[in-house]
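Protein chains in written order, with the working numbering: chain A, 365 to 937; chain B, 406 to 749.
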Amino acid sequence: MTTGTVPYIPAVEVEERETYLNVSGKIRSWLLTRDHKRIALLYLISITFFFFIGGAAATLMRLELMTPARDLVRPETYNRLFTIHGVVMVWFFLIPAVPTTIGNFVIPLMIGARDLAFPRLNLASWYLFVFGGCFTVAAIVLGGVDTGWTFYTPYSSVYSNTNVVLTIVGIFITGFSSIFTGINFIVTIHTMRAPGMYWRRLPLFCWSLYATSCILVLATPVLAMTVTLLAIERIFHVPIFDPNRGGDPLLFQHLFWFYSHPAVYVMIVPGFAVVSEVVACFSRKRVFGYWFVAGSSIAVAFISFLVWGHHLFVAGMSMYGGIVFSFLSFTVAVPSAIKVFNWTATMYNGSVSLKTPMLYALGFIGLFTMGGLTGVFLATLAVDVHLTDTYFIVAHFHYIMVGGMVTAFLAGIHFWFPKATGKMYPEWAGRIAAGLIFFGFNLTFFPQFILGYLGMPRRYAGYPEEFHLLNVMSSAGASILALGYVMPLVYLIWSIKYGKDAGPNPWKAMGMEWTVPSPPPKENFTKIPVVTQEAYAYHMMTPQGGDGPILPPAPPGERVEGGKPVDVEWSKQ
Amino acid sequence: MDFSKQFRLFPEEASSVAGRVDTLAIWLFWVSAFFTLLICVLIVWFAIRYRRRTENEIPPETKSHEWMEWSWSAAIFVILMVFFAWGAKLYVVVKKPPTHAMEIYVVGKQWMWKVQHPEGQREIDELHVPVGRAVKLIMTSEDVIHDFGLPDFRIKQDVLPGSYSTEWFTATKPGEYHLFCQEYCGTLHSEMTGKVVVMLPHDYEAWLAGTVPDVSMVQAGAKLFSTYGCAQCHGQLAPTLAGLYGRPVQLDNGKTVVADENYIRESILNPPAKLVANYPARMPSFRGQLSEEQLIDLVAYIKSLGAAAPVTQPVNGVAPDAIFNQPPAREPPPIVPVPKGGRR
Ligand SMILES: [Cu+2]
Ligand SMILES: [Cu+2]
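What follows is the structure, encoded as structure tokens:
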């Protein structure tokens, strides 16, 4: 510890310290910003917009499913609703959720950089995202699309008469935004780490987003090619997937899942990223088994490219193909289990505080565990034959993506909100929302496991009487869940204006993002810090005598005098 | 709203594999429940036991132990492999139809199921089968991908356009069961449902007798065979079709394929795709000239031409599977007399 006794207190805020927020208030300065923190906020606003579009579609679906009859909307409308819900939630919320918002905001801060490696590319990727989003929104407004988010051929390429091309153009463009973000993160993490930030000191958040970025860069081009082939067949009638003219309908599924299974991990590994940070901070402990948690992210990313066939067990793949893919799918459960055990073990002998972010993170661990274990049901061949394409699948992936990813996203939002805005939200409101979401989520999706085992098919606008009760429970849960999701939107916006000042480090967290003021200045670090310790040195925190606040060690390697950081030589060690 | 009798956790166990799938699923459930509870209990326990008592608390450092990581990874891996092997073993049973199951043809289209019995009976959105006999469905689609899902039998199989998919089951309990299309297929996907009626052998017999077929599939296929003049070449200029089904065929590219339904189908629609060795590519394609129903009639006829391996064929209608592919039957193994219509 260089200067353990002289902690960095960004002192009594002298009025109007310049931050990344107030550096200029002009719309133009926001739309042309190259600051990763502002771009993160632009993304946050965009994906929140899409989240509520997708949520509205889900609400209508749950209302339709209140009764067995197809009575609220017509079947063709219902089909559009679940397609919109899937497309919007997958490509316009879940995939960008953590990387482009929280990742964009905190990666440079965590590794001691002033920005991402390619700030202009970062802005370009937001514009691409919005541009792609416009196509998809246009497709919805101009009558919708009814193929399901999976676009299975030959229905999507020959039979559907909805806006398939418009939608996939949107997805195609947005894919490039993902690729740009991925490249940017990879290069940033490789080249922009502050002196002393060795790989072994890299926060697990960065490890996970590094793995995510690799998936984005390697898998997204396959999606682009797949939807291009689909568009070629649809527009120019070149037979690719249409068997009546010599195409292969299963080829599409292989290509699509070769992208989409890894994409599933794009939708969950960033959740691991957030949870690792939050659990460590609120247990005041180093994450148990650092290398295993870091390595399992990489392992998950790697194996995710080898398991796509588990989506085709009943599609007409050969039996031996099924057995191989089943085996590979089982192996992916091991790194996931390693993570869950390690997070739990991190709490052991810690100092556990159940603040809002921690409630979300613990909720994540429970829900992700259930999502992962029901995934084992589906990797088990004979059981998958019964369960696939039923509500069991629906419940399973919502446990991963909503119970997992959305919960982790909210954990992250609540964790870094004080950093991004300099304000605190009311803790009681946060806890109530977290509780509502946990309860509402389980009430919505647990009955769907039973529905699925009973055989209720997914993507059905109506269903036999015998499934009524469980569907009513599910819809009731969805209304609680919806309330839970609206709450943070309200109190977080309220807090931006009326919240209490948060100070630089309200959670007493380690990590370099907490060593700068909240909100951070435009350039993040006045002087680039020198890192001299691991990411989770919670045991080295310094209590400031008596009942005073305890503080993390000063910014690694950075000397602080009178509230202002002083330059320090790059210690060569 | 009548919610009575809605608290069920399992669908009917109405096929020979249903109970076995359920047993496996129940084991998966208990193991999953154990780990979920373990994690939840640990989290709650740690959250209470190690709760933050004072704001300034700094807990001691905990060293992580590699042996711990490796051992719980290994333990999880071993447990997973047990389920992998169990699931794969059962999957082989679920996937592989007994060689002498009775065959019924299914054609899916937006949004109905057309069922065709070899004896000539046709059904829409219904499938009548006898209890206790292995039934193999040979299925195709006229348009998009559908899926013939039978939750009470714990099986489903996608039905693809352009090729035949197969699915088999032995029903073990008379009754009516759901048939769901389980692959999204467009507007009325959720109405592409039907029922499977499982009947006691004598009821099934009565049903067959009462549903007067116009003509058996083999007869219909024979008629097509002569209408399209197939016999003009096959036998002399083209390979003979007698005894073809189920036999390996030497192709001109040196490979060998087994002549199954998909091979016969492809050879009718796209003859050059798999040319028989030593025969010129002179057969025209019949793509677009035959409906899916006509195609399956033709396939059924060609399959009926001579027996590749007599042991695997039903003898006088007594299905060999009644002898050795029988699940532990709840009903005595039924013997179905020769249906009229001259199957084979
Ligand atoms: Cu997958
Ligand atoms: Cu269908």
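All C-beta atoms, glycine included, are put in the ideal place defined by N, C-alpha and C.
query	result
Nearest CA to the CA of residue 427/B: which residue from 444/B, 474/B, 559/B and 533/B?	559/B
Under three-state DSSP, which class holds residue 553/B?	strand
What residue range is occupied by the uninterrupted alpha helix (DSSP H) comprising residue 400/A?	400-428
Can a CB atom of chain B be found closer than 8 Å to the CB of residue 750/A?	yes
Taking any Cβ of chain A, which residues in the stretch 548-565 of chain B have a Cβ under 8 Å from it, in chain order?	548, 549, 550, 552, 554, 556, 557, 559, 560, 561, 562, 563 and 565
Using only alpha-carbon positions, find the residue among 405/A, 595/A, 658/A and 554/A that is nearest to residue 536/A.	595/A
Decide if residue 753/A is buried, meaning its Cβ has at least 16 other Cβ atoms within 10 Å, or exposed.	buried
Comparing the CB of residue 618/A with every heavy atom of ligand 2, is any distance shorter than 7 Å?	no
Strictly under 8 Å for the Cβ-Cβ distance: is residue 575/A near chain B by that measure?	no
Indicate, with yes or no, if ligand 1 has a heavy atom lying under 7 Å from the CB of residue 330/A.	Residue 330/A lies beyond the stretch modelled for chain A, which goes from 365 to 937, so this question has no answer here.
DSSP state of residue 699/B, grouped into three classes?	helix
Tell me which residues of the stretch 725-740 of chain A have at least one Cβ-Cβ distance to chain B shorter than 8 Å, keeping chain order.	726, 729, 730, 733, 734, 737, 738 and 740
Out of curiosity, what's the CA-to-CA distance linking residue 667/A and residue 464/A?	24 Å
I need the boundaries of the beta strand (DSSP E) containing residue 586/B, first residue and last residue.	580-586
Start and end of the alpha helix (DSSP H) containing residue 485/A?	483-505
What is the DSSP secondary structure of residue 861/A, counted as helix, strand or coil?	helix
Just how far apart, CA to CA, sit residue 417/B and residue 433/A?	23 Å
So, does the CB of residue 711/A fall closer than 8 Å to a CB anywhere in chain B?	yes
Hey, could you find the ends of the beta strand (DSSP E) residue 543/B is sitting in?	539-546
Between residue 530/B and chain A, is there a C-beta pair that is closer than 8 Å?	no
Pull up the DSSP beta-bridge partners for residue 639/B, would you.	643/B
Between 634/B, 498/B and 586/B, which lies nearest to residue 518/B when the distance is taken from Cα to Cα?	586/B
Which full runs of the alpha helix (DSSP H) of 4+ residues lie inside the stretch 785-872 of chain A, going along the chain?	791-818 and 832-862
Does the stretch 464-473 of chain A come into contact with the stretch 501-512 of chain A, if we say contact requires no fewer than three beta-carbon pairs (one atom in each stretch) closer than 8 Å?	no
Looking at the C-beta of residue 462/B, does it have a partner C-beta in chain A at a distance below 8 Å?	yes
Determine the DSSP secondary structure at residue 381/A, reduced to helix, strand or coil.	coil
Under the assumption that residue 598/B contacts residue 536/B (Cβ atoms under 8 Å), give the Cβ distance between them as a whole number of angstroms.	Wrong, their Cβ atoms sit about 22 Å apart, outside the cutoff.
Note down the Cα distance separating residue 677/A from residue 546/A, rounded to an integer number of angstroms.	31 Å
Any beta carbon from chain B within less than 8 Å of residue 903/A's own beta carbon?	yes
Residue 675/A: beta carbon under 7 Å from a heavy atom of ligand 3?	Looking for ligand 3 in the displayed structure turns up nothing; the ligands present are ligand 1 and ligand 2.
If contact is defined by three or more beta carbon pairs under 8 Å, each pair taking one atom from either stretch, is the stretch 743-759 of chain A in contact with the stretch 545-561 of chain B?	yes
Mind pulling the chain B residues with CB within less than 8 Å of residue 698/A?	478, 481, 482 and 485
For the alpha helix (DSSP H) holding residue 491/B, just list the boundary residues, first then last.	471-500
Thinking C-alpha only, which one of 805/A, 775/A, 380/A and 864/A is nearest residue 846/A?	805/A
Buried or exposed: where does residue 927/A fall if 16 or more other Cβ atoms within 10 Å of its Cβ makes it buried?	In this prediction, residue 927/A scores a pLDDT of 40, lower than 50, which makes its location untrustworthy; the coordinate-derived value is nonetheless stated afterwards. The residue is exposed, with fewer than 16 neighbouring Cβ atoms inside 10 Å.
Using CA atoms only, rank isn't needed, just tell me which of 692/A, 516/A, 498/A and 587/A is closest to residue 613/A.	516/A
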